[in-house]
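To start, the structure itself, in structure tokens.
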Amino acid sequence: MHGRNLARLLAVTALLAGVWLLSACQQPQPGDSAAGQRLFPELEKRLNDITRIRIDHHGDSYQVARKDGQWRLPERGGYPARFEQVKPFLLGIALLEKVEPQTDKPERYARLGVQPPAVDSDNLQITLYTAADRRLASLIVGRVRHGLFAGGRDGIYVRVAEQARAWLVAGNLALPQAPVDWVDRRIIHIKPKRVKRVTIAHPDGSRLVIEKPHPGAAGFRLV
302 MHGRNLARLL
312 AVTALLAGVW
322 LLSACQQPQP
332 GDSAAGQRLF
342 PELEKRLNDI
352 TRIRIDHHGD
362 SYQVARKDGQ
372 WRLPERGGYP
382 ARFEQVKPFL
392 LGIALLEKVE
402 PQTDKPERYA
412 RLGVQPPAVD
422 SDNLQITLYT
432 AADRRLASLI
442 VGRVRHGLFA
452 GGRDGIYVRV
462 AEQARAWLVA
472 GNLALPQAPV
482 DWVDRRIIHI
492 KPKRVKRVTI
502 AHPDGSRLVI
512 EKPHPGAAGF
522 RLV
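Residue numbers (the working numbering): 302 to 524.
Printed below as a string of structure tokens:
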């Protein structure tokens, strides 16, 4: 009888231990409490306050700055940048969502690409500033795992500058790496419906002329 009671006691103890272990495993782990939150929780509200973007890549840096409502490249003679490039770039950073904490050990940063950018590394650092030259956000963007999450969102390894902990985040970033990637390549922009006639003059003096047969025409004809 004593042996059976002892066996039952051990069985109950093992069952309770199993329940406790399962419960403990389901509890949020230290460092995981931020999972599901934005990498920069307040940034989306302040996108209109951003007036300067700094990119550090391959040991070099350049800026994209907004002045008088126009985004330009100061180091490239103030050449215009495409707003169609700037807008999704900034919004993509604001919408990055934390998924899983990664290493906080500097010797392991390179495996994720979140070490400080250098001449021989492919990662980059992005820093956003306000008109008062206040830094709103700065992050190092490392390896990208395309389409890792639902909705076509990528898995991106990042580290907020001056923080030790790296993160796997979900989102989509349009990542221009060189100044030319921002440039507005349009020489002239005229809506087709405003064009009546086009004349092309060749060096030999010959000309090619096309025109619309009437103002509402969708296409041109050779004259």
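Don't be surprised by glycine CBs; every beta carbon is placed ideally from N, CA and C.
Could you tell me the boundaries of the alpha helix (DSSP H) in which residue i lies?
| i | result |
| --- | --- |
| K513 | Note, K513: premise wrong, no alpha helix (DSSP H); not H, not E. |
| I491 | Per DSSP, I491 belongs to no alpha helix (DSSP H) and is neither H nor E. |
| V387 | 384-395 |
| R339 | Unbroken run through R339: none, as it is neither H nor E. |
| L425 | Not the alpha helix (DSSP H): L425 falls in the beta strand (DSSP E), residues 425-431. |
Looking at residue j and residue i, is the spacing between their C-beta atoms short of 8 Å?
| i | j | result |
| --- | --- | --- |
| D455 | V442 | no |
| D485 | P375 | no |
| L425 | D482 | no |
| Y458 | L413 | yes |
| L552 | V461 | For the chain, the structure presents residues 302 to 524; residue 552 sits outside this window and is missing. |
| P449 | L391 | Note that residue 449 is Leu in the sequence shown, not Pro. Not in contact: L449 and L391 (Cβ atoms no closer than 8 Å). |
| I511 | R495 | no |
| D369 | R466 | no |
How big is the Cα-Cα spacing for residue i and residue j?
| i | j | result |
| --- | --- | --- |
| W372 | S422 | 28 Å |
| R435 | F384 | 22 Å |
| V365 | P389 | 14 Å |
| A519 | K513 | 8 Å |
| P407 | P418 | 13 Å |
| V499 | H515 | 14 Å |
| N473 | I394 | 8 Å |
Near residue i, which residues of its chain fall below 6 Å by C-beta distance, leaving aside the five closest residues on each side in sequence?
| i | result |
| --- | --- |
| V387 | W372 |
| A451 | none |
Tell me which residues share the same chain as residue i and place their Cβ nearer than 7 Å to its Cβ, disregarding the 5 neighbours each side in the sequence.
| i | result |
| --- | --- |
| A335 | K399 |
| V420 | H359, G360 |
| T431 | D350, I351, T352, L437 |
| L344 | I394, A395, L437, A438 |
| R377 | P480 |
Under DSSP, the beta strand (DSSP E) around residue i begins and ends at which residues?
| i | result |
| --- | --- |
| K368 | 361-368 |
| R373 | 371-374 |
| R353 | 351-358 |
| E401 | 398-402 |
Using 8 Å as the limit for Cβ to Cβ distance, is residue i near chain B?
| i | result |
| --- | --- |
| A479 | The structure shown contains no chain B; it is built from a single protein chain. |
Starting from the N-terminal side, write out each stretch of the beta strand (DSSP E) that is 3 residues or longer and does not extend beyond the stretch 447-500.
-> 455-461, 467-472
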